[in-house]
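Numbering (the working numbering), first residue to last: 13 to 576. This report concerns only the one structure given below.
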RNA sequence: CGGGGUGUAGCGCAGUUGGUAGCGCGCGACGUUUGGGACGUUGAGGUCGUAGGUUCGAAUCCUAUCACCCCGACCA
């Protein structure tokens, strides 16, 4: 492609809307432009990267026998009503009507469509298993968009779906898809880890997230320093410490004026936050839930939902809190009954803690779980902190930031049962098809690649997703240089090397800086100076290493280096 | 939705006693340049987010509204 006729330009300064480095580079390099919040237009250069990522995906999925298919992006509400997700999905689903007042939605994911197709197509176990995928637009009316391509409303997902006769089949294909996904990420040059995750809306077993390490990540990962344990902090668990409640003096009340927060309390009493118990109140569909965690811990709402067996959690009102006899700011479960108390492991077996006295201005010292109070449930409901023990090996956990670039689930029969997608087994019995679902976000992946592959000058593309293999820079506009550059452009193209040809009438500095910004793996410079010796200069973007090569050996040299 | 912030030329920004808008980069033309963001001459480009209001007069003061960004609850 000739830059003189390309669409899109580079920017010296990033628009102020972009805060993340990778987002700034996307805009500065002219890969994409924002048209509205949550909606980005890919420009030709960005589209080429996108196509290369797609090509990797097609190749890896073909290698595991997946068949490409395509569903509509607009679905009938009635289909989603059958699985219950029309009601369940919430505001992230964009709903609308057509001219016939038919209730429609813009699909945020496609399990229903696949299950419906399976219902129509699959009659017999002989037709199973199947593995389908598409690379297609999704729309999620996200509460908040973020970080350029990181979190869009309209985005592209590689979504794959497996159909099996039984769980053993699903287990096998799940592993195959996981391997293919990992290969895709590796080929994109992304550093990532697979973590245990929360299934969220999807349901199903063994949800696993693929997280790219990223300082701008939205998720926190607990990663073990010594074993292979890695989990999203949403679900990460920690090892337990031994009980230590002997010889704690009897509980006693102590005046603590104006200490309604843990920080104030710890400061006033000269104790660490870990020596206090924190009361947090939630309202759920089962009523008020009184949660107790150690003062230095945060409640993890995902774990809490699971432990309490509720799906709705919202902050409780002051009226609800006082109705059970607790005093906001000085609340504790001590002496309360008729309320569901869920305690975190961190307040059990850790000796005497300072807890509220349910009396304004007073706390209780030396409060011991089991002796002084009881919870309805004791469970792991607090966030993991750096330094916590690994649940597998006991070593120390560290916390890393990550961006979710992929997610895989064993869905089972949730959707197929709801839609009646069954097959006849060898005994002639109808059985629900067992599904799995697997997704990768493409725009996000693209931005993650840039985040992990750039320097202060610009993008440094990994070779196999670079928009072009080589950036041909012509310096000066003389016929000599122009002819030589044009000829090289033809030769390289003919040899199958994709070339971005900077034939613009710009100064050398502008061209070099743009070449650095755009980040093709190789830069080939053609100028008067070299041509006098019949040479051109080949520079590696990543290493900065420069080779001077003869005009007649350019193509063979580049082919050789590209291989290596 | 809650909290914070920003809307002035394509991009980055300046513009408070209220007097009808400016700088840098970029862009067009001409000329000189061409190995790391060149130089000269000249030119184009702005309903100051939008709508009301106050005022003789509003980018500036008031009200409403919209858009966008950041932080939290959802997710690839």
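In this text, a Cβ means the ideal position worked out from N, Cα and C, and glycines have one as well. Only a predicted model underlies this, so the values are computations on that prediction, with no experimental measurement involved.
Here the alpha carbons of residue 447 and residue 89 stand approximately 21 Å from one another. Runs of the alpha helix (DSSP H) spanning 4 or more residues and lying entirely within the region 416 to 443 occur at 426 to 431, in chain order. In this structure, residue 375 lies away from residue 382, with their beta-carbon atoms at least 7 Å apart.
Counted as a single uninterrupted DSSP element, the alpha helix (DSSP H) harbouring residue 334 occupies residues 330 to 335.
With 16 or more other Cβ atoms inside 10 Å of its own Cβ, residue 393 counts as buried. In this structure the region 231 to 238 does not touch the region 428 to 441; the number of beta carbon pairs closer than 8 Å is below three.
Residue 56 carries a helical assignment under DSSP once its states are collapsed to helix, strand and coil. For residue 19, no beta strand (DSSP E) encloses it, and the DSSP letter there is neither H nor E. Boundaries cannot be given for residue 480, as no alpha helix (DSSP H) includes it and DSSP labels it neither H nor E. Nearest in C-alpha terms to residue 412, of all of 371, 83, 60, 233, is 233. Proximity to residue 370 across 404, 289, 310, 557 peaks at 289, based on C-alpha coordinates. Cβ-Cβ distances below 6 Å link residue 463 to 34, 226 in the same chain, with the five nearest sequence neighbours on each side left out; the list follows chain order.
Between residue 221 and residue 207, the C-beta spacing is below 7 Å. Of all alpha-carbon atoms in 177, 180, 244, the one lying nearest the alpha-carbon of residue 210 is that of 244. Rounded to the nearest angstrom, the gap between the Cα atoms of residue 505 and residue 314 is 54 Å.
No Cβ-Cβ contact shorter than 7 Å links residue 427 with residue 242.
Within the DSSP bridge table, the entry for residue 168 names 149 as partners. Taking the Cα positions, residue 333 is about 7 Å away from residue 293. In this structure, DSSP gives residue 393 a state outside helix and strand, which the three-state scheme calls coil.
DSSP, reduced to helix, strand and coil, places residue 563 within a helical segment of the structure shown. The alpha-carbon separation between residue 507 and residue 113 amounts to approximately 56 Å.
In the pairwise beta carbon analysis, the region 410 to 424 is classified as touching the region 450 to 458: at least three pairs are separated by under 8 Å. By the neighbour-count criterion, in which 16 or more other beta carbons inside 10 Å mark a residue as buried, residue 403 falls on the buried side.
Taking C-alpha positions only, residue 59 is separated from residue 138 by approximately 40 Å. Counting other Cβ atoms within 10 Å of its Cβ, residue 63 stays below 16 and is therefore classed as exposed. Burial is judged here by how many other beta carbons sit within 10 angstroms of a residue's own beta carbon; residue 312 has at least 16 and is buried. Contact annotation: the region 120 to 136 does not touch the region 43 to 53, with fewer than three C-beta pairs closer than 8 Å. A distance below 6 Å between beta-carbons, with the five flanking residues on each side excluded, links residue 356 to the following residues of its chain, in chain order: 305, 393, 394.
In the structure shown, residue 495 adopts helical secondary structure according to DSSP, grouped into three states. Fewer than three Cβ pairs drawn from the region 466 to 477 and the region 485 to 496 lie within less than 8 Å of each other, which leaves the two stretches out of contact. Taken atom to atom, the span from the alpha-carbon of residue 388 to that of residue 266 is near 26 Å.
At least 7 Å separates the beta-carbon of residue 144 from that of residue 445.
For residue 225, the pairing in a beta bridge is given by DSSP as 414. Look at residue 125 here: in three-state DSSP terms it is helix. By the criterion of a C-beta distance shorter than 6 Å, residue 524 is surrounded by no residue of its chain, once the five residues flanking it on both sides are discounted. Rounded to whole angstroms, the separation of the alpha carbons of residue 142 and residue 78 is 8 Å.
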